[in-house]
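In our numbering, the protein residues as written are 83 to 243.
Ideal Cβ placement from N, Cα and C applies to all residues, glycine included.
Remember, predicted model here, so these are calculated numbers, not experimental data.
Below you'll find the structure, written out as structure tokens, and then a few comments.
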């Protein structure tokens, strides 16, 4: 079972597909659950520890909007645990919008820099492209070994043409 980072990281569709194909999806919902259910963390809407802003600063300077740093503090453990990634570009808001283009660009950069097997896809816009979308995710997940390394390649980057 491989830890697969999904982006948009709140996409229930990607989460379900990765799980159905026998891998562990890494999604923001897991981190939010920890913040909401952990004893000792302030009540909503705060739900942060003094360490959370520091984690966000690991990725973005003080001048960067707080929302980017906040998202990055939630995504940090997911990025660290990722052994592979599936990134979907140009998805509509209902698919799992992350709310910030700067965060999206930063996530893409960090995943590519990590040099893990990565599948990059455009959001499907027709029935045929949706079938191809699911097929490519299926093939990508089948190609991942137990440690997340793609068979025959250190970085199995696939981009939609």
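Counted within 10 angstroms of its Cβ, other Cβ atoms place residue i as buried (16 or more) or exposed
i           : result
residue 132 : exposed
residue 195 : exposed
residue 93  : buried
residue 154 : buried
residue 191 : exposed
residue 147 : exposed
residue 162 : exposed
residue 114 : exposed
residue 144 : exposed
Cβ neighbours of residue i in the same chain (closer than 6 Å, five flanking residues each side left out)
i           : result
residue 151 : 138 and 142
residue 170 : 203 and 205
residue 236 : Because the pLDDT of residue 236 is 40, which lies under 50, any placement of that residue in the model is unreliable, and the question is left without a value.
residue 219 : 99
residue 89  : 169 and 189
residue 87  : 108, 160, 164 and 167
residue 246 : Outside the displayed span of the chain (83 to 243) sits residue 246, for which this structure offers no information.
residue 184 : 150
residue 91  : 109 and 110
Which listed residue (the options) has its alpha carbon closest to that of residue i
i           : options               : result
residue 199 : 148, 186, 221 and 212 : 221
residue 149 : 91, 108, 160 and 135  : 135
residue 117 : 102, 157 and 101      : 157
residue 224 : 210, 209 and 201      : 201
residue 111 : 183, 96 and 209       : 96
Enclosing beta strand (DSSP E) for residue i [first to last residue]
i           : result
residue 98  : Where residue 98 is concerned, there is no enclosing beta strand (DSSP E), although the alpha helix (DSSP H) it sits in stretches over 94-102.
residue 168 : 166-171
residue 202 : 200-204
Limits of the unbroken alpha helix (DSSP H) element including residue i
i           : result
residue 141 : Note, residue 141: premise wrong, no alpha helix (DSSP H); not H, not E.
residue 159 : 148-163
residue 88  : Counting along the chain, residue 88 falls outside any alpha helix (DSSP H), though it belongs to the beta strand (DSSP E) covering 85-89.
residue 285 : It is not possible to answer for residue 285, since the shown part of the chain is limited to 83 through 243.
residue 212 : 209-224
residue 130 : Element bounds for residue 130: n/a, residue is neither H nor E.
residue 120 : Neither: residue 120 is in no alpha helix (DSSP H) and is coded neither H nor E.
Beta-carbon proximity list for residue i, same chain, < 7 Å, skipping 5 on both sides
i           : result
residue 215 : 203 and 206
residue 172 : 204 and 205
Own chain residues within Cβ distance below 8 Å of residue i, not counting five before or after
i           : result
residue 193 : 87, 89, 161, 164, 167, 169 and 200
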